[in-house]
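The next block holds one structure in the form of structure tokens; read it before the comments.
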Amino acid sequence: MSPDVSKPVLSPHNLPWVEKYRPDKLDDLISHEEIIKTITKFIDEDQLPHLLLYGPPGTGKTSTILACAKKLFTTQQFNSMVLELNASDDRGIGIVRGQILSFASTRTLIKTGFKLIILDEADAMTNDAQNALRRIIEKYTDNVRFCIICNYLSKIIPALQSRCTKFRFGPLAPEQIMPRLEHVVKEENVTVTDDGKQALITLSGGDMRRVLNVLQSTWLAYGLVNEDNVYSCVGHPLPVDIKNIINWLLNENYQMAYSKVLDLKTRKGLALQDILTEVQVFVNKIEFPDDVIIELIIKMAQIEERVMNGCNEAVQLNSLVAAFQKPREIEVP
Ligand SMILES: Nc1ncnc2c1ncn2[C@@H]1O[C@H](COP(=O)(O)OP(=O)(O)OP(=O)(O)O)[C@@H](O)[C@H]1O
Ligand SMILES: [Mg+2]
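In the numbering used here, the protein residues as written are 22 to 354.
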């Protein structure tokens, strides 16, 4: 009935955008061209090695391997040929000796081809479990290929790393995110301003999942995606807020600076953690004498540590204003 027939037929309307726009084919992935090209070549030449994909969240690791699996197997084969385990499954040594071993060791009726075992979020696997995998990977290579996915490479034992071909998925560049963002904006008929798009990209830090999630929440909450709304939606300080805060910290007296920052923080519901991070970026751009900046940064680092450990935010805010005492005195003459 609806004139819009371009959307995927099976997608329910209530699917979050991250899932609705998850790339279905390898060609749909917007980044890491070299990696995609290499993996496509492996598959086309039937030479797929064991894979290890690593990198920060939301950069397309899970999407890549799922697209590979879809390329390798038909929908009917999928269940019998692919075993996908992620952090929500138990992955102690028991599952390696049980489910993984039995999946890897049973042959398929279709003689040619191999099965695929995807170990997503493998950082969560215990060392014992990883050690138990070493032999399984070697022994059943003719029957099965492993794909290990993780955020932190250091959490994977060296023996497993050396059995796999490693690919690093770096954070996505703004010029890669932009076309995909614009595609979703167009499909969903979202009203978004240029500074809104920019804010989404800046806040995401190269994480495409975050871009789509924040876009969807801001759109639902405000009906307009501009810079102000994006920052307010995630409760992150606006660039102009940070400018004000720096200005007060450097130019007001202690009492005024404290009460103004506290007022802004309470009014906008900002976290001291976010303020610290942004102020730090800003402070580095100001030309203070070396001894002043060094002392300031050390104090800010200590405040951050205390905030992370759950100390009282009001006291730590006092401490932040106090840390600016020396720079404040310098500004005057
Ligand atoms: N390279 C990409 N091209 C297009 N969309 C992407 C890309 N990377 C991420 N996305 C979007 O972000 C969502 C999450 O991506 P994915 O699940 O592949 O991330 P991941 O790298 O596995 O992250 P994590 O380490 O948190 O598991 C996808 O559903 C998709 O909408
Ligand atoms: Mg993933």
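Ideal Cβ positions, reconstructed from N, Cα and C, are used throughout, including at glycine.
Whole-number beta carbon distance between residue j and residue i, since they are thought to touch under 8 Å
i	j	result
isoleucine 324	glutamine 337	5 Å
leucine 140	isoleucine 170	7 Å
isoleucine 86	cysteine 168	5 Å
alanine 150	valine 103	Not really, about 20 Å apart at Cβ, beyond 8 Å.
isoleucine 263	valine 213	Incorrect: roughly 23 Å between the Cβ atoms, too far for contact.
asparagine 107	glutamate 142	5 Å
Straight-line Cα distance separating residue j from residue i
i	j	result
asparagine 152	glutamine 68	25 Å
glycine 79	aspartate 228	5 Å
arginine 155	valine 165	13 Å
lysine 207	serine 225	20 Å
tyrosine 275	phenylalanine 345	9 Å
lysine 82	arginine 112	19 Å
glutamine 294	proline 195	25 Å
aspartate 49	isoleucine 57	10 Å
arginine 327	alanine 343	15 Å
valine 26	isoleucine 222	Residue confidence is low: valine 26 scores 41 on pLDDT, short of 50, so the model does not pin down where it sits. Its coordinate-derived value is still stated next. When rounded, the distance between both Cα atoms is 29 Å.
leucine 73	valine 261	42 Å
isoleucine 314	asparagine 272	16 Å
valine 353	leucine 181	Only weak support is given to the placement of valine 353: the predicted model assigns it a pLDDT of 48, under 50, and the question is left unresolved by the model.
alanine 322	valine 302	13 Å
serine 126	proline 77	32 Å
valine 255	isoleucine 158	43 Å
histidine 53	glycine 191	8 Å
leucine 36	asparagine 305	42 Å
leucine 122	arginine 128	12 Å
glutamate 40	glutamate 209	14 Å
histidine 71	leucine 285	52 Å
asparagine 148	threonine 162	21 Å
Sequence-distant residues of the same chain with beta carbon closer than 6 Å to residue i, five excluded per side
i	result
leucine 259	Tyr252
serine 340	Ile324
lysine 136	Met102, Val165
tyrosine 173	Asp144
phenylalanine 124	Leu104
phenylalanine 188	Ile56, Leu74
lysine 347	Val313
Own chain, CB closer than 8 Å to residue i, minus 5 neighbours either side, in chain order
i	result
proline 310	Ile351
serine 23	Caution applies to serine 23, whose pLDDT of 41 falls short of 50 and renders its modelled position unreliable; the model cannot decide the point.
asparagine 250	Gly217, Thr239, Ala242, Tyr243
valine 205	Trp38, Tyr42, Val211, Leu233, Leu236
alanine 335	Leu283
leucine 297	Met321, Ile324, Glu325, Val328, Leu341
leucine 47	Ile57, Ile60, Thr61, Thr85, Ala88, Cys89, Lys92
leucine 317	Val304, Phe309, Ala344, Phe345, Lys347, Pro348
Range covered by the beta strand (DSSP E) that runs through residue i
i	result
valine 165	165 to 171
In DSSP terms, what residue i is bridged to
i	result
phenylalanine 188	Leu74
glutamate 105	Ile139
valine 213	Val246
Residue i: first and last residue of the uninterrupted alpha helix (DSSP H) it sits in
i	result
lysine 264	260 to 272
asparagine 148	148 to 160
alanine 278	275 to 289
serine 52	No alpha helix (DSSP H) contains serine 52, which DSSP labels as neither H nor E.
phenylalanine 124	122 to 126
isoleucine 314	311 to 329
methionine 339	Looking at the sequence provided, one finds asparagine at residue 339 rather than methionine. It spans 334 to 344 - the alpha helix (DSSP H) in which asparagine 339 sits, taken as one unbroken run.
serine 175	Premise fails: serine 175 is in no alpha helix (DSSP H) and is neither H nor E.
asparagine 298	For the record, residue 298 in the displayed sequence is threonine; it is not asparagine. First-last of the alpha helix (DSSP H) with threonine 298: 293 to 304.
threonine 85	82 to 93
lysine 41	38 to 41
Contacts around residue i, its chain only, beta-carbon distance under 7 Å, and the 5 residues preceding and following it disregarded
i	result
phenylalanine 94	Met102, Val103
arginine 349	Leu271
asparagine 247	Thr214, Asp216, Gly217
lysine 176	Asp144
leucine 245	Thr212
lysine 281	Trp269, Glu273
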